[in-house]
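All residue numbers for the sequence shown refer to UniProt numbering, where the first residue is 1 and numbers rise by one.
Structure first, commentary second.
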Amino acid sequence: MPYHTVAENGFNGTILARAMDFTPVASGSIFDKRQREEDPDTGALFCKNAPCPDDSCCGPAGICGYGPDFCGAGFTSNCNATAMCGIYADPESDGICGMNLFCSWGGWCGTSTVHCIEANEFTPCQQGFGSCEIIRPTTCGENSGTTGGRTIGYYLASNVRDRVCNRIAPDQIATDIYTHLYYSFASVDPNTFHIKPWDDADIPSMKEFTALKSSALQTWIAVGGYTFSDPGPTHTTWSDLCASAQARAAFIQSTKEFMLKYGFQGVDLDWEYPVAEERGGKRADTANFVFLLKEMREAYGTEFGISLTLAPDYWYLRWFDAKAMEPYVDYFGFMAYDLHGFWDADVETLGSIVRGQADVREIYNNTLPLYYAGLDPSKINFGLAWYGRGYTLSRPSKPGKCTNSAGVLSLTEIKNLIKEKNIEPRLNSESMMKELVWDAKTRRSALPSAQRFLRIENSTGS
1 MPYHTVAENG FNGTILARAM DFTPVASGSI FDKRQREEDP DTGALFCKNA
51 PCPDDSCCGP AGICGYGPDF CGAGFTSNCN ATAMCGIYAD PESDGICGMN
101 LFCSWGGWCG TSTVHCIEAN EFTPCQQGFG SCEIIRPTTC GENSGTTGGR
151 TIGYYLASNV RDRVCNRIAP DQIATDIYTH LYYSFASVDP NTFHIKPWDD
201 ADIPSMKEFT ALKSSALQTW IAVGGYTFSD PGPTHTTWSD LCASAQARAA
251 FIQSTKEFML KYGFQGVDLD WEYPVAEERG GKRADTANFV FLLKEMREAY
301 GTEFGISLTL APDYWYLRWF DAKAMEPYVD YFGFMAYDLH GFWDADVETL
351 GSIVRGQADV REIYNNTLPL YYAGLDPSKI NFGLAWYGRG YTLSRPSKPG
401 KCTNSAGVLS LTEIKNLIKE KNIEPRLNSE SMMKELVWDA KTRRSALPSA
451 QRFLRIENST GS
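Have a look at this one:
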């Protein structure tokens, strides 16, 4: 039986964080919320009564898999399915796991032992499509002091434009706790590829913002953001501007002029996400993004800093050639927040279950690819959310008075809520998150314990 598939989780499944003594936690396993049947002896996935839970082909014997034995004559569903990696991956790809992860026999990229060393004789790691060696982070100890190198704060410009109350002007920022401040976000013209203010109303606050810089504090401009790649005029702008040398040159020159005009000292690229079609991406984005960064560094030298945001989930992270980018960037920002929220209710593999937005066990799982890619930990900043996400258990929690966004409260709103409701925060020792429960509602946040985790992980920034 050389072609049967094992019952395995993809990268988002349970991964044992043994080095950190964490309890295993599932992170959106491809099998969650779907009917799952498997052979108790071989672990093969059955599809006799339902389509394959991993969206693979359901073969003539009612067993899931890829290739001619499963997707050929006699198949019953998903006949055009291609594997995530390996010999039966999409023909347009090279079949190699992004970030150098394992490619399991079943065609899934991952970091857990089931993908490689614990596979049985019929299901070895596929050689040539990624690593087949277990890699784990180096650790430094809680009191190592490694997180003291950088502290970067993102200043959301829309807070001045759109908030009902508790607006924070640039001159109200407590700058003494930061080494860098990022003004977020600037936009890009989808036709000329020139950087521009997101809103003309931002121009006065940008000048106030860069006036904060000092010998101890740098002020940078962040470009893009999640909504920039939403359906609309700029849906494909990142992909389009990276696709040609002419478009890249226009962006690079205009960004330099923008930074000189307003006094910024660096630029942070927040592309969410390359290659992903639903986010306006194309397959060529992976290589083209590297070209952009290389040409930016050649143009800027050491005059301006460059950083970029890495996706928190491997489904998107796999399309970043982070190791090739590393020589051209000062820092990577890793989004260790918003891992979950009310939007999970619309995701079949997750469902309407309350999960913390920054569970440190999931953060550990999600950062493993960074080590497989061989990135320098000293170049990685972990993003920490200064806000909480909440639920009423039937829907997102009510909007805060100032942020006016369902399911979110700012740190100030949380502090006011604690005082108003006389709530005692409680620490979840497994997820390293603090929880508030009031009127049968739950809100979770993660800051102090997450910083402890970063010290252990040898990261130098947050």
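Cβ atoms here follow ideal geometry from the backbone N, Cα and C, with glycine treated the same way.
Assuming residue i and residue j make a contact with CB atoms under 8 Å, what is their CB distance in whole Å?
| i | j | result |
| --- | --- | --- |
| E272 | R279 | 6 Å |
| S214 | P170 | About 13 Å separates the two Cβ atoms, so there is no contact after all. |
| L317 | P233 | With 8 Å as the limit, L317 and P233 do not qualify as a contact, their Cβ atoms being about 27 Å apart. |
| L212 | I173 | 7 Å |
| L409 | W386 | That belief does not hold up - the Cβ atoms of L409 and W386 are roughly 11 Å apart, past 8 Å. |
| A157 | Y183 | 6 Å |
| R389 | G341 | 5 Å |
| A89 | A83 | 5 Å |
When the Cα of residue i is compared with those of the options, which residue comes out closest?
| i | options | result |
| --- | --- | --- |
| I152 | E424, N381, N404, I414 | N381 |
| N428 | V437, N422, K421, E420 | V437 |
| Y262 | K196, H180, R163, T210 | T210 |
| L293 | I177, F264, A249, E257 | A249 |
| residue 463 | Y88, P274, S378 | Here the chain comprises residues numbered 1 to 462, so residue 463 is not present and cannot be evaluated. |
| S307 | Y154, G400, L409, I203 | Y154 |
| V160 | A201, A245, F129, I221 | A201 |
| G130 | Q253, P197, I87 | I87 |
| L101 | Y314, G72, I418 | Y314 |
| T76 | D55, P91, D90 | D55 |
| A322 | G281, Y371, R297, E362 | Y371 |
| N288 | E435, T123, A247 | A247 |
| D270 | Q253, V188, P399, K415 | V188 |
| Y66 | D199, G106, P53, P91 | G106 |
| E435 | G356, E413, P399, C402 | G356 |
| K207 | I168, F264, F193 | F264 |
| I195 | R150, Q253, C242, D162 | Q253 |
| H235 | E257, A276, F251 | A276 |
| P190 | E295, P231, I134, P399 | P231 |
Do residue i and residue j have their C-beta atoms within less than 8 Å of each other?
| i | j | result |
| --- | --- | --- |
| G305 | G266 | yes |
| G74 | P60 | yes |
| A373 | M99 | yes |
| T367 | W319 | no |
| T179 | L217 | yes |
| E303 | L375 | no |
| V164 | N404 | yes |
| F70 | C57 | yes |
| D359 | M259 | no |
| D338 | T309 | no |
| S104 | G95 | no |
| F185 | G128 | no |
| S229 | W238 | yes |
| V290 | A324 | yes |
| C79 | C64 | no |
| E430 | R361 | yes |
In the DSSP assignment, find the unbroken alpha helix (DSSP H) run with residue i in it and report its ends.
| i | result |
| --- | --- |
| M259 | 245 to 262 |
| Y155 | Per DSSP, Y155 belongs to no alpha helix (DSSP H); it is in the beta strand (DSSP E), 152 to 156. |
| E298 | 285 to 300 |
| K398 | No alpha helix (DSSP H) contains K398, which DSSP labels as neither H nor E. |
| D240 | 237 to 242 |
| Y273 | First-last for Y273: undefined, no H or E at that position. |
| F209 | 203 to 210 |
| A322 | 322 to 325 |
| T139 | Taken as a continuous stretch (DSSP letters only), T139 belongs to no alpha helix (DSSP H), as it is neither H nor E. |
| E133 | Where E133 is concerned, there is no enclosing alpha helix (DSSP H), given that its DSSP letter is neither H nor E. |
| N191 | Here N191 belongs to no alpha helix (DSSP H), and DSSP marks it neither H nor E. |
| L317 | 314 to 317 |
| T367 | 360 to 372 |
| F70 | 68 to 71 |
The beta strand (DSSP E) spanning residue i covers which residue range?
| i | result |
| --- | --- |
| P197 | 195 to 197 |
| I306 | 305 to 310 |
| L409 | 408 to 410 |
What does DSSP give as the partner residues of residue i in its beta bridges?
| i | result |
| --- | --- |
| M84 | According to DSSP, which records beta bridges pairwise, M84 is partnered with nothing at all. |
| M335 | G383 |
| Q218 | H180 |
| I63 | F46 |
| G266 | G305 |
| C109 | C103 |
| S77 | C58 |
| A186 | P197, V223 |
| A89 | A83 |
Contact criterion: CB-CB distance below 8 Å. Does residue i meet it with respect to chain D?
| i | result |
| --- | --- |
| I252 | The structure shown contains no chain D; it is built from a single protein chain. |
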